Each structure stands twice: as C-alpha cells, then as structure tokens.
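To keep things clear, I will list the structure first and then write my remarks on it.
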Amino acid sequence: MILSPPRAAPEPARAAPRPTAVQRVRRRLSGSGASAAAIVIAVLWTLPTAGLLISSLRPEEQIKTTGWWTFFAEPVLTLRNYDDVLFGGTSQRQLASYFVNSFVIALPTMVFVVVLAALTAYALAWMNFPGRDWIFIGIFALQIVPLQMSLVPLLSLFSDGVTIGTTQVLPPWDLPGAFQFTRVWVAHTIFGLPLGIFLMHNFITQLPKSLIEAARADGAGHGVIFRRIVLPLIVPALVSLSILQFLWGWNDLLVALIFAGGSVEVAPLTVRLAEMAGTRGEEWQRLTAGAFVSMVVPLIVFFSLQRYFVRGLLAGSMKG
Amino acid sequence: MAFDIFAELPKLLWLVIAVAAFLAVIGVLLVAVDGGPRTRYDWWQAACFLTPAGILLLVGLVYPVVRTTVLSFHGPGGDTPVGWDNYVWMFTRPEILLVLRNTLLWVVFAPLLATATGLVYSVLVDRSRYESVAKSLLFMPMAISFVGASIIWKFVYAYRPAGADQIGVLNQLVVWAGGEPRPWLLDGPLNTLLLIVVLIWIQAGFAMVILSAAIKAVPAEIVEAARIDGVNGWQLFWRITLPSIWPTVMVVLITISVQTLKVFDIVRTMTGGQFGTSVIANEMYGQAFRYGQLGHGSALAVFMFVLVIPLVLVQIRNARRTREAQSL
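Read top to bottom, the protein sequences are chains Y and C. Sequence positions in the first sequence follow the UniProt record's numbering and run 1 to 320. Sequence positions in the second sequence follow the UniProt record's numbering and run 1 to 328.
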C-alpha cells in the first residue's frame with residue numbers, strides 16, 4: 001500500500017484547511033465534468049430500452065414509417081400491439097401461452113435448485129465424513145463446464161434412456177403434452193446446481209460453529225438442525241439464489257431450445273421471440289411489444305428485489 | 001381465436017404436482033436423516049442429503065463431459081471413430097476459422113469495454129446524490145434476457161434505404177450527421193463489433209456493481225489522508241483506488257470473459273450467425289442440433305471447454321492470493 005492510514009489523528013477531515021477560491025472552482029468544474037460524463041453514459045444505457053418501450057406503444061403504421069423520437073412531436077399511444085401480440089391470431093402466434101410456459105419452466109426449477117443446493121451445501125459444511133472436501137472441490141470444478149459440453153449426451157439420455165449392457169435401466173422419456181416440461185426442469189436444475197451449491201456453501205459456512213455444536217450436544221439430529229436452526233438463518237441467501245435462478249430460468253434460450261423444442265405447448269417466451277426476430281424481423285409492432293412482454297417479469301423482480309439480486313451477484317462473482 | 005385459459009390448465013396442474021411431489025420427497029428425506037444410525041462419521045446423514053444432487057450432477061455433467069469428449073473423436077452419428085479429424089476440420093475450414101476469429105474478437109473486446117465502462121461509471125457516481133438511481137439505470141439490462149436485449153438493439157440498428165425516414169436511432173444519427181444510412185448487421189467484421197456492443201450493454205452493470213462494492217471497501221482513512229495531501233480526483237483514482245481494487249478488476253474481467261466464450265443468444269437472435277457473425281457456441285448448436293454433425297459439434301464444445309479452463313485457473317489463483325493477503 002502506498003499510504004499508511006493515519007490512525008492517530010482523531011478528526012482528520014474536519015481539521016483540513018479550507019480550500020482556496022481557485023481550488024473550489026476547479027473542484028466544482030471537475031465535479032460537473034464527471035457528472036456530465038455520468039449522465040452521458042446513463043442516457044446511452046437507457047435510450048435503447050426507452051426507444052423500444054415508446055415504439056411498442058405506437059400504432060403500427062407509425063412504428064414502421066417514422067422513428068420513435070417523432071413520438072414527442074405527435075404523441076399517439078395505443079395498447080393495440082400488446083393486445084395483438086398476446087391474444088391475436090391463431091394460438092401458435094399468441095404470446096400469452098408462451099408467457100405461461102416461461103413461468104412453468106422458471107418456477108419449479110427455482111424451487112428444485114434452491115432446496116437441493118441448501119441441502120447439499122449444509123452436508124458439505126457441517127456433516128462429518130471423509131472425502132467431504134474432495135466432493136466440494138469436485139462440485140466447485142463443475143461450475144466451469146460449459147453447458148455446451150453436456151447438451152448432446154443429456155438429450156440422448158432423455159430420448160434413448162439408459163442401457164447398461166443389454167438391460168434397459170431407464171426408459172426413454174417420451175413424454176406427451178405438459179409432461180414435456182419435466183425434461184426442461186431436470187436440465188435447468190442440473191445446470192443451476194453447481195453455482196447454487198457454491199453460493200449456499202458461502203453463506204452456510206459463515207454460521208457460527210458454536211450454534212451447530214450446541215444443538216448437536218443437545219442431541220438434535222442434522223435434519224432437525226437444518227430445519228429449525230439453519231433454514232431460518234439463511235433466508236436472505238435463499239431469496240438471493242431464488243431470484244438469480246428464477247431469472248436464469250426465465251431468460252434462458254439455449255436450454256429451452258434443445259429440451260423444450262419450439263412448440264406452443266412448452267416453448268418459453270425467449271424461444272418464440274428469437275423465432276419472431278428471425279422470421280418476422282420487420283414486424284416491429286409485434287417484436288417491440290413482445291420484447292416488453294418478456295421483460296415485464298424480470299423488471300418487476302429487479303426493481304422490487306434489487307437488494308437481494310445484488311447480494312447474490314456479489315457472493316457469486318467468483319463464478320467461472 | 002381467443003386465448004384459451006383451459007388449454008393452460010394441464011401445465012399449471014403438472015407444475016403443482018411436480019413441486020408438491022418434490023417437496024414431499026425432501027420432507028421424507030429430512031425425517032429419514034435423523035432415523036438412521038448414529039456413528040462417528042455422518043455416513044447415513046450425508047448420503048441422505050447428497051444423493052439427489054449427486055445423481056443429477058453425475059448424470060447431467062460428469063458423464064456428459066466424458067461422453068462429449070469421446071464423441072469429438074467420432075463421426076457425425078457418434079459411432080465411427082475418426083481420430084483427430086473433427087479437430088483438423090475445425091482448424092482448416094475457412095468458415096470455422098472465421099468463427100474462431102469472431103470468438104476471439106468477442107473475448108478481447110467485450111470484457112475489457114464492459115469492465116472499463118462499469119469502472120468509470122462507478123467512480124463517477126460514487127457518493128453522488130443520485131447514486132442508487134444512477135446505478136439502477138446501468139444495472140437494469142442485467143435483469144432482462146439476452147433475447148430481449150438483442151431485440152432492443154436490433155431496433156437501434158434498424159435500416160431503411162437512403163431517402164426514407166429512418167426508424168433506427170443509429171442510422172438517424174448518421175443521417176443527421178450528413179452520412180448515408182447503412183445496413184449495419186450485414187457488413188463484416190463491423191457487424192460482429194456491433195453485436196459485441198449488446199453484450200457490453202448487458203455486462204457493464206454487473207462490472208459496476210462488483211467494482212462499486214470494492215471501491216466502497218477501500219479504507220476511508222487512506223482516501224482522507226490522500227485528500228489532505230492535496231491529491232486530486234484523477235490522481236486519487238490512478239494511485240489509490242485502482243491499485244486497491246485491482247484483484248476485483250481481474251475477477252470481473254475473467255468472469256465476463258468466461259460468459260463471453262459461451263455467448264449464444266445474442267448471435268442467434270440478431271443475425272442467426274449469418275453474414276460472418278457466428279461464434280463457437282452458435283456453431284456448436286448448428287453442427288450438433290441442426291446439421292446432425294455430432295462429432296463436429298462435440299469438438300467445438302470441447303475446444304470451448306479447453307479455452308475456459310486457463311481463465312478459471314487464473315481466477316482461483318487470484319482468489320487464493322487475495323484471501324492470503326487479507327488474512328495477513
């Protein structure tokens with residue numbers, strides 16, 4: 001470190017000499033320069049989203065012929081695009097079904113990952129068995145496996161089942177209708193687990209050792225300790241992981257493309273939107289409204305639970 | 001045809017059944033765990049808690065890593081061994097070399113620019129009156145999907161022939177500046193750079209949040225002492241803030257690099273990998289799942305994995321060094 005902190009000085013800031021007039025002017029100038037730069041960046045970051053939002057509310061003919069900024073000269077608002085994209089046309093074109101699918105994919109995966117991660121992390125942190133550290137290192141290492149390594153074998157496991165020698169151990173999952181979600185849930189859960197366990201482990205190891213040991217001494221088993229003592233204490237961590245996992249499930253494209261296919265029965269919003277962007281790239285009235293439909297839920301989660309979202313990211317910034 | 005709510009009921013029903021069944025199994029586990037024998041080691045208890053996740057990870061990640069590596073040495077159907085042919089194919093075909101070059105562009109530009117933007121911005125708004133609002137604006141793209149973000153930017157890059165009214169902001173700015181509108185996403189290698197902008201737009205918020213936390217952790221005494229010594233804002237940043245948070249900067253750079261290697265959604269949504277914009281992740285999907293070339297796809301996946309490993313090793317070494325420095 002370049003400077004050592006002056007611990008002796010009781011009130012270093014207040015004792016500083018008053019800045020001269022010139023210094024004050026210079027500081028204010030550089031301060032406003034900095035503010036201007038910050039504002040430019042903030043505008044650059046917000047403008048694309050704002051443009052899309054405004055467009056999604058303009059009538060179709062206007063979106064296709066004039067830029068969204070002309071809205072300020074002749075403001076006309078309509079919810080027609082949303083109505084059209086959500087409920088219009090044949091069922092294959094209605095986003096409302098895909099919206100439901102996104103929920104049906106994201107919610108259970110969130111529950112599965114959070115519960116399993118908490119159980120596993122607890123076992124790795126507080127149970128006493130040989131090889132514990134090796135298992136933890138193994139799971140930590142699995143975080144770096146790219147999804148892509150797993151897609152082909154996992155898909156063939158689902159579609160062909162498992163055969164050892166000549167005996168069929170697991171039958172192929174030829175699932176009809178709503179049961180097709182099962183594959184997506186299992187795939188998402190597997191891919192979410194390594195980071196989930198790692199995050200939970202970070203929190204659970206920080207619990208005071210004396211707490212667990214006292215409960216053990218009183219004769220409580222691990223099941224009781226986990227339910228009565230650990231779970232209530234790690235609620236903030238559970239919320240953080242839930243939010244992250246929900247958003248990953250909701251926002252994912254690749255896993256859904258491969259394990260859900262593109263049918264209206266199971267495909268989430270992201271799959272449908274990506275398809276629309278490809279085949280109907282010029283239907284801006286549907287694309288803009290559709291994009292916003294897919295963003296509504298994440299944005300609500302983001303603005304209401306931002307604190308937990310940030311906490312989860314901070315704890316997981318080691319993610320590989 | 002109106003939206004049919006009854007068509008959605010089976011999905012919701014299956015959702016409720018699946019979650020309830022899962023929780024019931026976990027409930028049984030929690031009871032069973034304390035019913036087992038009590039020995040010096042918690043064998044029974046550990047087995048109860050670790051088995052479900054253990055099976056999923058073995059079946060869904062450990063086995064597939066081995067299997068994909070094996071597949072990468074086999075032909076399109078996965079049954080005829082072909083030796084290193086798939087890797088030779090990867091490094092000799094011009095279209096795949098283009099894919100590798102694009103991935104390199106992504107990994108060079110996206111992490112650097114996203115981290116730099118996040119760093120500059122977090123310093124600029126640090127301790128300003130509107131800090132939390134200002135941070136939310138930059139952070140918001142983190143919450144939305146890559147697909148949503150891609151549509152937002154597709155709209156920014158939208159093109160209308162010269163003379164017509166532009167509907168994309170970028171081309172309108174060009175026209176106002178006296179230039180000719182261009183179909184931005186069609187011309188390489190500029191289009192790859194324009195796709196990279198989307199990832200920077202998304203990830204800068206992540207960099208800002210992590211770096212901002214690190215900046216706040218710089219001891220106030222050091223900053224005060226420097227101010228008393230007459231150090232101005234610029235010098236404060238270069239001599240004190242940046243050296244103090246350097247380990248975190250590295251963590252952010254590497255984390256975003258790893259994310260960048262796997263980028264798929266942006267390319268697929270914005271160009272579908274056409275016009276010379278494909279990257280490894282997109283090509284892997286195309287080869288394995290659209291053209292039925294399991295060998296090619298697997299080789300690309302293995303190559304991606306090999307690229308990730310050194311980044312993560314650096315990451316782990318950094319983390320250990322930081323922890324040692326903190327415990328001193």
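Glycine residues also receive a C-beta, built at the ideal position from the N, C-alpha and C atoms. Keep in mind that this is a model prediction, so the values were computed, not measured.
Residues near residue i by beta carbon distance below 6 Å, same chain, minus five either side
{"i": "residue 142 of chain C", "result": "205 and 206"}
{"i": "residue 78 of chain C", "result": "71 and 294"}
{"i": "residue 120 of chain Y", "result": "197"}
{"i": "residue 82 of chain Y", "result": "289"}
{"i": "residue 311 of chain Y", "result": "240"}
{"i": "residue 170 of chain C", "result": "156 and 157"}
Sequence-distant residues of its chain with Cβ nearer than 7 Å to residue i (five each side left out)
{"i": "residue 4 of chain C", "result": "none"}
{"i": "residue 320 of chain Y", "result": "Interpretation of residue 320 of chain Y is limited by its pLDDT of 33, a score under 50 that renders its predicted location unreliable; the figure taken from the coordinates is listed afterwards. So the qualifying residues of the chain are 143 and 144."}
{"i": "residue 250 of chain C", "result": "318"}
{"i": "residue 230 of chain Y", "result": "122, 204 and 207"}
{"i": "residue 12 of chain C", "result": "none"}
Proximal residues of chain C, C-beta to C-beta of residue i below 7 Å
{"i": "residue 227 of chain Y", "result": "30"}
{"i": "residue 321 of chain Y", "result": "Nothing about residue 321 of chain Y can be reported from this structure: the residues present for chain Y run from 1 to 320 only."}
{"i": "residue 287 of chain Y", "result": "151"}
{"i": "residue 189 of chain Y", "result": "56"}
8 Å Cβ cut-off: residues of chain Y touching residue i
{"i": "residue 276 of chain C", "result": "Going along chain Y, no residue has its Cβ under 8 Å from residue 276 of chain C, so there is no contact; the nearest lies around 17 Å."}
{"i": "residue 10 of chain C", "result": "177 and 178"}
{"i": "residue 272 of chain C", "result": "278"}
{"i": "residue 262 of chain C", "result": "146, 147 and 148"}
{"i": "residue 71 of chain C", "result": "152 and 153"}
{"i": "residue 298 of chain C", "result": "152"}
Distance between beta carbons of residue j and residue i, contact taken as under 8 Å
{"i": "residue 184 of chain C", "j": "residue 270 of chain C", "result": "Incorrect: roughly 10 Å between the Cβ atoms, too far for contact."}
{"i": "residue 184 of chain Y", "j": "residue 259 of chain Y", "result": "5 Å"}
{"i": "residue 150 of chain Y", "j": "residue 61 of chain C", "result": "6 Å"}
{"i": "residue 120 of chain C", "j": "residue 280 of chain C", "result": "That belief does not hold up - the Cβ atoms of residue 120 of chain C and residue 280 of chain C are roughly 30 Å apart, past 8 Å."}
{"i": "residue 31 of chain C", "j": "residue 270 of chain Y", "result": "The Cβ separation is near 39 Å, so there is no contact."}
{"i": "residue 285 of chain C", "j": "residue 264 of chain C", "result": "7 Å"}
{"i": "residue 39 of chain Y", "j": "residue 56 of chain C", "result": "Going by Cβ atoms, the distance from residue 39 of chain Y to residue 56 of chain C rounds to 48 Å, so no, they are not a contact pair."}
{"i": "residue 108 of chain Y", "j": "residue 18 of chain C", "result": "6 Å"}
{"i": "residue 249 of chain Y", "j": "residue 106 of chain Y", "result": "4 Å"}
{"i": "residue 52 of chain C", "j": "residue 44 of chain C", "result": "15 Å between Cβ atoms; not a contact."}
{"i": "residue 86 of chain C", "j": "residue 296 of chain C", "result": "6 Å"}
{"i": "residue 256 of chain C", "j": "residue 195 of chain C", "result": "No, residue 256 of chain C and residue 195 of chain C are not in contact; Cβ-Cβ is about 15 Å, not under 8 Å."}
{"i": "residue 292 of chain Y", "j": "residue 56 of chain Y", "result": "5 Å"}
{"i": "residue 298 of chain Y", "j": "residue 202 of chain C", "result": "The Cβ separation is near 12 Å, so there is no contact."}
Per DSSP, the bridge partner or partners of residue i
{"i": "residue 162 of chain Y", "result": "Y:170"}
{"i": "residue 81 of chain C", "result": "C:74"}
Chain-ordered neighbours of residue i on chain Y, where CB pairs are closer than 7 Å
{"i": "residue 166 of chain C", "result": "67"}
{"i": "residue 42 of chain C", "result": "127, 128, 129 and 222"}
{"i": "residue 194 of chain C", "result": "Here the premise fails: no neighbours, minimum Cβ distance about 12 Å."}
{"i": "residue 152 of chain C", "result": "48, 49, 52 and 291"}
{"i": "residue 64 of chain C", "result": "149, 150, 153 and 154"}
{"i": "residue 96 of chain C", "result": "Under the 7 Å cutoff, chain Y gives no residues; its nearest Cβ is about 15 Å from residue 96 of chain C."}
Listed by chain order, chain Y residues near residue i by CB distance under 9 Å
{"i": "residue 68 of chain C", "result": "148, 149, 150, 151, 152 and 153"}
{"i": "residue 138 of chain C", "result": "41, 42, 45 and 46"}
{"i": "residue 90 of chain C", "result": "Per Cβ cutoff of 9 Å: no residues; residue 90 of chain C is ~14 Å from chain Y at best."}
{"i": "residue 289 of chain C", "result": "151, 152, 155, 257 and 258"}
{"i": "residue 34 of chain C", "result": "220, 221, 222, 223 and 224"}
{"i": "residue 246 of chain C", "result": "Chain Y residues near residue 246 of chain C: none, gap ~12 Å exceeds 9 Å."}
Residues near residue i in its chain [Cβ-Cβ closer than 8 Å; skip 5 each side]
{"i": "residue 301 of chain Y", "result": "243, 246, 247 and 309"}
{"i": "residue 84 of chain Y", "result": "285, 286 and 289"}
{"i": "residue 10 of chain Y", "result": "Since pLDDT at residue 10 of chain Y reaches only 41, below the 50 mark, its modelled position is unreliable, and no value is offered."}
{"i": "residue 29 of chain Y", "result": "Because residue 29 of chain Y sits at a pLDDT of 48, beneath the cut-off of 50, its placement in the model cannot be relied upon, and the following sentence gives the value as read from the coordinates. So no residue of the chain qualifies."}
{"i": "residue 188 of chain C", "result": "275, 276 and 277"}
{"i": "residue 82 of chain C", "result": "73, 74, 75 and 295"}
9 Å Cβ cut-off: residues of chain C touching residue i
{"i": "residue 251 of chain Y", "result": "143, 144, 145, 146, 147, 148 and 265"}
{"i": "residue 55 of chain Y", "result": "155 and 167"}
Chain-ordered chain C contacts of residue i [CB-CB under 8 Å]
{"i": "residue 284 of chain Y", "result": "155, 158 and 167"}
{"i": "residue 197 of chain Y", "result": "53"}
{"i": "residue 164 of chain Y", "result": "Correct list: empty, because the minimum Cβ distance to chain C is about 12 Å."}
Below 9 Å between beta carbons is the criterion; list the residues of the region 174-186 of chain C that meet it against any residue of chain Y, in chain order.
Listed in sequence order: no entries.
Which residues, in chain order, does the region 50-62 of chain C contribute to contact with chain Y at a C-beta distance below 9 Å?
50, 52, 53, 54, 56, 57, 59, 60, 61 and 62
Contact set between the region 104-124 of chain Y and chain C, restricted to residues whose Cβ is under 7 Å from the partner:
104, 107, 108, 111, 112, 115, 116, 119, 120, 122 and 123
Taking any Cβ of chain C, which residues in the region 294-312 of chain Y have a Cβ under 8 Å from it, in chain order?
294, 295, 298, 299, 301, 302, 303, 306, 309 and 310
Taking a cut of 9 Å between CB atoms, which residues from the region 105-121 of chain C lie near chain Y?
117, 120 and 121
Below 9 Å between beta carbons is the criterion; list the residues of the region 76-105 of chain Y that meet it against any residue of chain C, in chain order.
86, 87, 89, 90, 91, 94, 96, 97, 100, 101, 103 and 104
Contact list for the region 260-275 of chain Y against chain C, Cβ threshold 7 Å:
270, 273 and 274
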